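Asker: If you use our numbering, the sequence shown corresponds to residues 1 to 143, in order. Take a look at the following structure, please.
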Amino acid sequence: MLNIVLAALALTQVSSFESVDVCQKVPGATLAAAVGGRLVDQRSINVKGLDAARCVYGIEIDGSRRAFVVWANPAGDFDGLRAASTPPLTEVPGVVDEAFTVTDPETRRVQLTGWIRGKLTVQVSGERAAWVIAIAKTALSRF
Numbered sequence: 001m002l003n004i005v006l007a008a009l010a011l012t013q014v015s016s017f018e019s020v021d022v023c024q025k026v027p028g029a030t031l032a033a034a035v036g037g038r039l040v041d042q043r044s045i046n047v048k049g050l051d052a053a054r055c056v057y058g059i060e061i062d063g064s065r066r067a068f069v070v071w072a073n074p075a076g077d078f079d080g081l082r083a084a085s086t087p088p089l090t091e092v093p094g095v096v097d098e099a100f101t102v103t104d105p106e107t108r109r110v111q112l113t114g115w116i117r118g119k120l121t122v123q124v125s126g127e128r129a130a131w132v133i134a135i136a137k138t139a140l141s142r143f
């Protein structure tokens, strides 16, 4: 995808992401501004027993609602997500310690996976690479 205010905690101390509210940590209006859009809606999703959290954002860009998803995962997930990703992977420098994108061949959605070394793995998905990179940079700056 958050009842815990992450700003008050070091993310390395988070032992479970079940209560992490990504929407609170990464406000939709901030993400909408990063892509020149307007926030329409946002929804936190946490699943009991899943060591990840996410927020789904609806952002209006050029008159159409676009969906973006921001996931917060443990730092240790990065290598496994890289290994499980279907090539081709495109390295994206300058976003965070390490980041890459993949494009789903069926849906054409782009997913960026970024790693704040020793702290957090974040995934962002959306329709266009430029939007996903802008959202990822903004989201990662909030962690």
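All residues carry an ideal CB built from backbone N, CA and C; glycine is no exception. All values reported here derive from a predicted model rather than from experimental measurement.
Looking at the unbroken beta strand (DSSP E) that takes in Phe68, where does it start and where does it end?
Answerer: Run containing Phe68: Ser64 to Asn73, per the beta strand (DSSP E) assignment.
Asker: Could you check the C-alpha separation between Asn73 and Arg108 for me, to the nearest Å?
Answerer: So the two alpha carbons sit approximately 23 angstroms from each other.
Asker: Nearest to Glu98 by CA position, among Pro87, Leu31, Arg117 and Asp104, is which residue?
Answerer: Among Pro87, Leu31, Arg117 and Asp104, the Cα nearest to that of Glu98 belongs to Arg117.
Asker: For a test of the three-state rule: what should DSSP assign to Ile45, helix, strand or coil?
Answerer: Correct three-state label for Ile45: strand.
Asker: Given that a residue counts as buried once 16 or more other Cβ atoms are within 10 Å of its Cβ, and exposed if not, what is Ala136?
Answerer: Buried, because 16 or more other Cβ atoms sit within 10 Å of the Cβ of Ala136.
Asker: For Thr86, which three-state DSSP category applies?
Answerer: Thr86 falls in the coil class under three-state DSSP.
Asker: Taking a contact to mean a Cβ-Cβ separation below 9 angstroms, would you say Arg54 touches Val102 in this structure?
Answerer: Result no, Cβ atoms of Arg54 and Val102 do not sit closer than 9 angstroms.
Asker: Would you mind giving the Cβ-Cβ distance between Val95 and Ile133, rounded to the nearest angstrom? I have them listed as a contact below 8 angstroms.
Answerer: Contact flag correct, Cβ pair sits at about 6 angstroms.
Asker: Confirm, please, whether the CB-CB distance from Trp115 to Arg66 is below 9 angstroms.
Answerer: Cβ atoms of Arg66 and Trp115: not closer than 9 angstroms.
Asker: Around the C-beta of Lys25, are 16 or more other C-beta atoms found within 10 angstroms, so that it is buried, or is it exposed?
Answerer: So Lys25 counts as buried.
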